[in-house]
Amino acid sequence: MADKKKLSLIAFSGEFDKLTAVFTLATGAAAVGYEVNIFFTFWGLDAIKKKKGRSFVGGNWLTKLFGFMMGGLSATPTSRFNFFGIGPKIFRSLMKKNNVATLEELVDAANALGVNLYACEMAMHVLGLEQKDFIHEVKDTLGVATFLEISEGGRTLFI
Amino acid sequence: MAVHTLDITKEHCPMTFVKTKLKLAQIPEGDVLEVLLTEGEPLNNVPRSATEQGYKVLSIDHVEGNVHKVLIQK
């Protein structure tokens with residue numbers, strides 16, 4: 001198809017609920033035939049870290065500390081009702097109970113559907129992260145110019 | 160030509176679409192996928208998106224309650 005529909009998401013937020021929105025839109029769109037690109041930047045990079053919990057990933061002592069405080073996908077807080085980290089556990093159990101896909105299942109589905117994952121070069125530099133710190137599905141490290149080129153002709157959302 | 164089945168009556172958005180898409184990707188060309196789904200978003204959009212993606216919707220039948228059966232050929 002020459003004019004394939006396209007959705008590009010800028011995943012800036014590192015919260016459980018906002019990342020759930022990112023991956024719900026991404027998987028839903030990919031499943032109905034869209035080409036989907038997600039550009040992870042700043043806090044959003046937590047979603048694609050290889051280490052899902054808390055670990056000292058980073059270049060120097062400060063970014064390593066940031067890396068630990070930010071954590072990976074399973075350590076993401078909720079933007080409201082976080083209750084010192086209990087919030088995400090409550091939401092995960094509510095989602096399971098109601099047969100709604102959890103964040104982890106949505107990430108797996110996005111990968112199975114071939115959603116294109118990209119990491120922001122600048123934010124990685126600031127946070128002392130390298131592509132090897134991310135899951136292997138992350139296709140490339142990009143800057144603004146390449147993201148604009150990739151998202152050209154489709155819809156773009158910033159979350 | 161084999162018929163494969165998929166029950167998405169217990170699923171919610173976006174997994175209704177995701178499971179249908181992944182199952183359609185798995186089955187061989189020419190085979191038929193029988194999807195059991197509920198009224199509303201799944202019934203309105205699963206057949207539509209299958210057609211849009213070049214699959215052939217053979218039939219849509221009411222099963223019982225709010226459950227419908229959609230036959231999609233790859």
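Chains P and R, in that order, are what the protein sequence lines are.
Start counting the first sequence at 1; every next residue gets the next number (the working numbering).
Start counting the second sequence at 160; every next residue gets the next number (the working numbering).
Just so it is clear, CB atoms sit at the ideal spot from N, CA and C, and this is done for glycine as well.
Only a predicted model underlies this, so the values are computations on that prediction, with no experimental measurement involved.
Could you pull out every residue in the same chain whose Cβ sits closer than 7 Å to the Cβ of residue i, ignoring the five residues on either side in sequence?
i	result
P:Leu113	Thr27, Ala30 and Ala31
P:Asn111	Glu137
P:Glu121	Thr141, Leu142 and Gly143
P:Phe158	Ile10 and Phe12
P:Gly72	Asp46, Lys49, Lys51, Lys52 and Gly53
P:Asp133	Lys49, Lys50 and Val57
Would you please verify whether the beta carbon of residue i is less than 8 Å from any beta carbon of chain P?
i	result
R:Met160	no
R:Pro201	no
R:Asp177	A quick correction: the sequence has Val, not Asp, at residue 177 of chain R. Taking Cβ atoms only, chain P reaches closer than 8 Å to R:Val177, which makes this a yes.
R:Ser208	yes
Comparing the C-beta of residue i with each C-beta of chain R, is any distance below 8 Å?
i	result
P:Leu113	yes
P:Val36	no
P:Val100	yes
P:Gly28	yes
P:Ala2	Any reading at P:Ala2 must be qualified, since the residue scores a pLDDT of 46, below 50, and its modelled position is unreliable; the value itself is stated next. No - not a single Cβ of chain R is within 8 Å of the one on P:Ala2.
P:Ala109	yes
Applying a beta-carbon distance threshold of less than 7 Å, which residues of chain P neighbour residue i?
i	result
R:Lys180	Ala31 and Leu113
R:Gln212	Gly33
Return the chain-ordered list of same chain residues with a C-beta closer than 8 Å to the C-beta of residue i, the five sequence neighbours on each side being excluded.
i	result
P:Lys64	Phe56, Val57, Gly58 and Gly128
Hey, could you find the ends of the beta strand (DSSP E) residue i is sitting in?
i	result
P:Asn37	Glu35 to Phe40
R:Thr210	First-last for R:Thr210: Glu200 to Glu211, but that is the alpha helix (DSSP H), not the beta strand (DSSP E).
Below 8 Å on the Cβ atoms is my contact criterion, and I expect residue i with residue j to pass it. Report the Cβ-Cβ distance as a whole number of Å.
i	j	result
R:Thr179	R:Leu165	6 Å
R:Leu192	R:Lys233	7 Å
Quick one: what's got a C-beta closer than 6 Å to residue i's C-beta in the same chain, skipping five residues either side?
i	result
R:Val222	Lys228
What does residue i touch in chain R if you count any residue whose Cβ is under 8 Å from its own?
i	result
P:Thr24	Cys172 and Pro173
Please compile the residues from chain P whose C-beta is within a distance smaller than 8 Å of the C-beta of residue i.
i	result
R:Lys169	Asn99
By the DSSP assignment, the alpha helix (DSSP H) with residue i in it spans what residues?
i	result
P:Lys49	It is not in any alpha helix (DSSP H) - P:Lys49 carries neither H nor E in the DSSP assignment.
P:Asp17	Phe16 to Ala31
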